[in-house]
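If you use mature numbering (1 follows the signal peptide of the UniProt record, and there is no 0), the sequence shown corresponds to residues -19 to -1, 1 to 149, in order.
We put the beta carbon where it would ideally sit given N, CA and C, even for glycine.
The model shown is predicted, which means the values in this text are computed figures rather than measured ones.
Notes follow once the structure below has been shown.
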Amino acid sequence: MYKLIAIILLLFISTPSMGSSDEENLTQWLAAAKKIDRSEPNALCKASVDVVRHQDVNLFRKVFAAIPATDEQVKVYLSELHDKYFKTSYLGIDNYQIDENEALAFEDAKNSSSSLVSDNAKQRGHDLELWVPYRFDTISPKTNEAIQGYGTCKLAYLENQWKVVTLL
């Protein structure tokens, strides 16, 4: 629930106006997500965990939207993400779960009222974007206590297929 609130706040910050239209937007985004068969996007989000866990450049290239980066650049990026999720911010990703009822879909993404969505859609050239919230069990490296991490896997529908645009 807290992560849905955080996502909503982030969207509202990136949305030009506040008020009842924001509630309408949220309702619209939630309803749009329910219309989408999310089996493939969910599988891609789960594969994102393996990309980071194993720093797998080949799997990254399969699930992630095409980017003009060399394999060496991707390795550096994956190493940084791996350190975040397995050394500095968290000590691993266990029991990764997708929160099915909290997914948001942005139809006509290029014209979304959220600048986060519209800017990304204009940059990549897609019209449909899906945000899939997830959570996982982990250990805090600061306290050595069990905690729950969470985030949003973001996908775009590009060239008739789903591609990840934000790994974790």
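Neighbourhood of Asp89 by C-beta distance below 7 Å, restricted to the same chain and skipping five residues each side
Around Asp89, the same chain offers Asp108 as residues with beta carbons nearer than 7 Å, after the five sequence neighbours per side are excluded.
query: Looking only at DSSP bridge pairs, what is Pro114 linked to?
result: DSSP lists Thr133 as partners of Pro114.
Of the residues Val30, Asp52, Ile48 and Lys27, the one placed nearest Asn39, counting alpha carbons only:
Ranking Val30, Asp52, Ile48 and Lys27 by Cα distance to Asn39 puts Asp52 first.
- Message: Using a 10 Å radius around the Cβ and a threshold of 16 neighbouring Cβ atoms, would you call Gly106 buried or exposed?
- Response: With fewer than 16 Cβ atoms within 10 Å of its Cβ, Gly106 is classed as exposed.
### Query
Does DSSP put Asp89 in a helix, in a strand, or in coil?
Here Asp89 carries a coil assignment [DSSP, helix/strand/coil].
- Looking only at its own chain, which residues have a Cβ that is under 7 Å from the Cβ of Tyr66, when we skip the five neighbours before and after it? Counting only Cβ-Cβ distances below 7 Å, and skipping sequence neighbours, we find Val33, Ile74 and Leu149.
task = Given a cut-off of 8 Å, decide if Val113 and Leu136 are closer than it, judged by their beta-carbon atoms.
result = Going by beta carbons, Leu136 and Val113 fall inside the 8 Å limit.
Please name the residue in Ala46, Ala12, Lys123 and Glu81 whose C-alpha comes closest to that of Asn141.
Residue Ala46 is the option with its Cα nearest to Asn141.
inquiry  = Does Tyr77 come out as helix, strand or coil in the three-state DSSP assignment?
reply    = Strand at Tyr77.
Residue span of the alpha helix (DSSP H) that contains Gln54, given as start and end = Looking at the DSSP string, the run of the alpha helix (DSSP H) that includes Gln54 is Asp52 to Asp64.
Where does the unbroken beta strand (DSSP E) through Thr147 begin, and where does it stop?
-> That run of the beta strand (DSSP E) goes Gln142 to Thr147.
Determine the extent of the alpha helix (DSSP H) in which Leu40 is found, giving its start and end residues. Start and end: Val38 to Val44.
Beta-carbon proximity of Gln78 to Arg116, cut-off 8 Å: Taking the C-beta atoms as reference points, Arg116 is found nearer than 8 Å to Gln78.
| When the Cα atoms are used, what is the spatial distance from Val145 to Asp31? | Whole-angstrom Cα-Cα distance: 13 Å.
Beta-carbon proximity check, Thr119 vs Tyr58, cutoff 8 Å: Going by C-beta atoms, Thr119 is not nearer than 8 Å to Tyr58.
>> Can you tell me whether Leu7 is helix, strand or coil according to DSSP?
In response: Secondary structure of Leu7 (DSSP, three-state): helix.
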